[in-house]
Structure formats: C-alpha cells, structure tokens
Amino acid sequence: MSGAMRFGQCGSVLVTGASRGIGLQMVDSLAGGGFSPGKIIATTRNPDGAQNLQDLALKHPNIHIIPLDVLSQESIDKCAEEVSRLVQDEGLNCLINNAGINLMTDFHTVTADKMIENFRTNAVAPLMITKAFLPLLKAAASRGGAGGSGSMSIQRAAVINISSQLGSVELNWGESANIKWFPYRTSKCALNMVSRCMATDLEPDGILCLAIHPGWVHTDMGGPQAPLSPEESTSSMLSVFGGLSEKAHGLFLSFTGEVLPW
Ligand code: NAP
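Residue numbers (the working numbering): 11 to 272.
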C-alpha cells in the first residue's frame, strides 16, 4: 500500500490555510486521490473569498470548510468547538499546521513589528492551535488507530507542522545564506523547536509530532521560479505522512522523507 493510501483509514484530517497554495492542494489531493479520509476539515480565515476551496467542497461532500484566523485565539477556540461537534467521540486524527506568511526583509530593513508578526503566524499560532485541539487529538489517540494497533501514525493522531528548510540553522550556509529573510527564517526555526518540544510533551498520549519542509513550491509564497508544483510537493508529502511511525516522531523531514538537520 502506498503511504498516501493510508489516509483512507483516517477518520479526519484538518488543514489550516486551505484557501490557496499548498493547503488548497492538500485538500484537493486528499479529496480526489482515491484514498480520501472520512472528513477533510479545510480551514480558512475567509471562507467566502476562498472560491477554489468552495468549488472543491461542492464536488466532495467530505470537505468541511470552517473559518479559522490563526492569529485570533477567539477564532481558534470557535474552530475547535465546531470541529468537536463534527468529529464527536472519534476525535481528530491528523492536524496539519500549514498556514504561514513570509515577510521578506533583510538585516537593514527588518523591524521589530515584522519579526513579531511573522513569529506570531508561523510559530505561535501552530502551538496555540495544537493546544486548542489537544482534547480532540487525545480522543483520537485513545482509540488506538487503524486496527487498534496503538502505534503512532496519522490514522491514530498526529500534528504535522509545515516548516521550511530555511528554518534550519545548520543548513544556513552557502547559497541558502543568501536568502536573508530574518522574520521568516527565525519564525520557522522557532516552529522547528515548537515541533520538537511538542513531540516530548505529547508522546505519552501517543500523538506523533514532526516538522516538514515542503520543498520550494510554485505558490504565491514560493513564486513562479519554484521548481516544484503544488501537486508534486503535496503528493510526495502525503505519501510520507501515510508511512509515518514512531521512528519519525520529533524529526524534521524533507518532503521526500529525508531527515533534515535542525
Ligand atoms: P501561500 O500560497 O502564501 O498560502 C498561505 C496560506 O496561509 C493561505 O491559505 C493564507 O490564507 C494562509 N494564512 C496566512 N495567514 C493566515 C492567518 N492569519 N489565518 C489563516 N490563514 C492564514 O503559501 P504556501 O506556499 O502555500 O505555503 C504554505 C506553507 O508552506 C507555509 O507555512 C509556508 O511557510 C510553507 N513553505 C512554503 C514553501 C514554498 O516554496 N511555497 C517553502 C517552504 C515552506 P489567505 O488566503 O486568507 O491569505
């Protein structure tokens, strides 16, 4: 069975930032790939403006669009309540923290406000969202996953943080060092640490946690020169997610499944 096929045994998957780019493609691939989870919860801060997502939801009744502005605690709490009503006792199997921003400023133009804005969206929000969804993730984990195996997997309970290779301190040399985006790079570096800390704290509950780099992808953020299409990045990531086990818990992976240095 290919990794992505395992989503077919997954009760629910939630993707943040599903209005466009990688998040929208994940929802599309999950819904149309022949391995669709029971419920795909696609969150966006502006459902009325997310026309492509609305079109997908018309075609696939297992897509549920729920409003979520990742910067608002009130919005996060409301979203968690709505998801709780949707999934009930089954809980939430897989939370994908994908929403992100990139404020491209270098050493000379960076300001404290830009650092904080990028940090709040890319590092603080995934942590606050995971905290709000923890009861639902725990409920799913306590059911033991596919076949009640009790091992870690996306079919049981997982938090996947979409990070970036640009958040790696160790890889910030040579060509990579020429990308001088202080707010973005440091926020993804912080998200990597959030992912690793969550892995320690959520391990006793059997909730798999990791950070993943999606590759350089042709989206509004990645730009037109990016070598990967959203389909290519997402298809590879979904295949990796489907095959995840305890071995990947607490790691920083590339979209190909390779382990990246922090
Ligand atoms: P994108 O095309 O710019 O899309 C970003 C998504 O995040 C949009 O859906 C956007 O919603 C959402 N978002 C931003 N702020 C939000 C907020 N406060 N509340 C709710 N949603 C919010 O970016 P992308 O390329 O798909 O990137 C997705 C993830 O991959 C990001 O975390 C990014 O850092 C990471 N990544 C991307 C690349 C790449 O090459 N593209 C490389 C490495 C990592 P709106 O439509 O409402 O603005």
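C-beta atoms are modelled at their ideal positions from N, C-alpha and C, and glycine is treated no differently.
Alpha carbon to alpha carbon, how far is residue 250 from residue 128? Give it in angstroms, no decimals.
Rounded to the nearest angstrom, the two C-alpha atoms are 27 Å apart.
In three-state DSSP terms, what is residue 73?
Residue 73: strand per DSSP, three-state reduction.
Thinking C-alpha only, which one of 88, 144, 124, 185 is nearest residue 219?
The shortest C-alpha separation from residue 219 is found at 144.
Look up residue 107 in the DSSP assignment and say whether it is helix, strand or coil.
Strand.
Once DSSP output is grouped into helix, strand and coil, what is the label at residue 182?
Coil at residue 182, not helix or strand.
For the beta strand (DSSP E) that residue 150 lies in, which residues bound it at each end?
Premise fails: residue 150 lies in the alpha helix (DSSP H), 135-152, not in any beta strand (DSSP E).
Return the CA-CA distance between residue 263 and residue 252, expressed in angstroms with no decimal places.
Cα to Cα, the separation comes out at about 14 Å.
State the start and end residues of the unbroken alpha helix (DSSP H) segment that holds residue 89.
Looking at the DSSP string, the run of the alpha helix (DSSP H) that includes residue 89 is 83-97.
May I have the straight-line CA-CA distance separating residue 168 from residue 242, to the nearest angstrom?
The straight-line gap from Cα to Cα measures roughly 22 Å.
Any contact of the region 88-97 with the region 54-67, i.e. 3+ C-beta pairs under 8 Å?
At 8 Å Cβ cutoff, the stretches do not touch.
On the DSSP letters alone, give me the boundaries of the alpha helix (DSSP H) that residue 167 sits inside.
Per DSSP, residue 167 belongs to no alpha helix (DSSP H) and is neither H nor E.
Can we count residue 25 as close to the ligand NAP, meaning its CB is less than 7 Å from some heavy atom?
No, the beta carbon of residue 25 sits no closer than 7 Å to any heavy atom of the ligand NAP.
The ligand NAP heavy atoms versus the CB of residue 179: any closer than 7 Å?
Checking every heavy atom of the ligand NAP against the Cβ of residue 179, none is found closer than 7 Å.
Look up residue 262 in the DSSP assignment and give the residues it is bridged to.
Residue 262 is bridged to 221.
Can you tell me where the beta strand (DSSP E) with residue 25 in it begins and where it stops?
Per DSSP, residue 25 belongs to the beta strand (DSSP E) from 22-25.
Which ranges does the alpha helix (DSSP H) cover as unbroken runs of at least 4 residues, wholly within the region 224-254, from first to last along the chain?
Listed in chain order, the complete alpha helix (DSSP H) runs (minimum 4 residues) inside the region 224-254 are 240-252.
What would DSSP say about residue 60, mapped onto helix, strand or coil?
Residue 60: coil per DSSP, three-state reduction.
Under 8 Å, do residue 170 and residue 103 count as touching if we go by C-beta distance?
Not a contact, by the Cβ cut-off of 8 Å.
Measuring CB to CB, does residue 54 end up less than 8 Å from residue 89?
Contact flag unset, no.
For my contact list, residue 180 and residue 271 are in at a C-beta cut-off of 8 Å; report their separation, rounded to the angstrom.
So it is a contact: roughly 4 Å between Cβ atoms.
Whole angstroms are fine: how far does the CA of residue 41 sit from the CA of residue 244?
Straight-line Cα distance between these residues: approximately 13 Å.
For residue 258, which of 193, 155, 141, 221 has the nearest alpha-carbon?
With distances taken between Cα atoms, residue 258 lies closest to 221.
Counting along the chain, where does the alpha helix (DSSP H) carrying residue 54 start and finish?
Not the alpha helix (DSSP H): residue 54 falls in the beta strand (DSSP E), residues 49-54.
Using three-state DSSP, classify residue 120 as helix, strand or coil.
Reduced to three states, the DSSP call for residue 120 is coil.
Does the beta-carbon of residue 272, which I'm using as the reference point, lie nearer than 7 Å to any heavy atom of the ligand NAP?
False, no ligand heavy atom lies under 7 Å from that Cβ.
By Cβ distance, which residues of its chain are closer than 8 Å to residue 175, with the 5 residues on each side in sequence left out?
Here the set comprises 181, 186, 223, 264, 270.
Near residue 206, which residues of its chain fall below 7 Å by C-beta distance, leaving aside the five closest residues on each side in sequence?
Counting only Cβ-Cβ distances below 7 Å, and skipping sequence neighbours, we find 260.
Whose C-beta lies closer than 8 Å to the C-beta of residue 199 among residues of the same chain, with five residues either side of it excluded?
Result list for residue 199: 177, 178, 179, in chain order.
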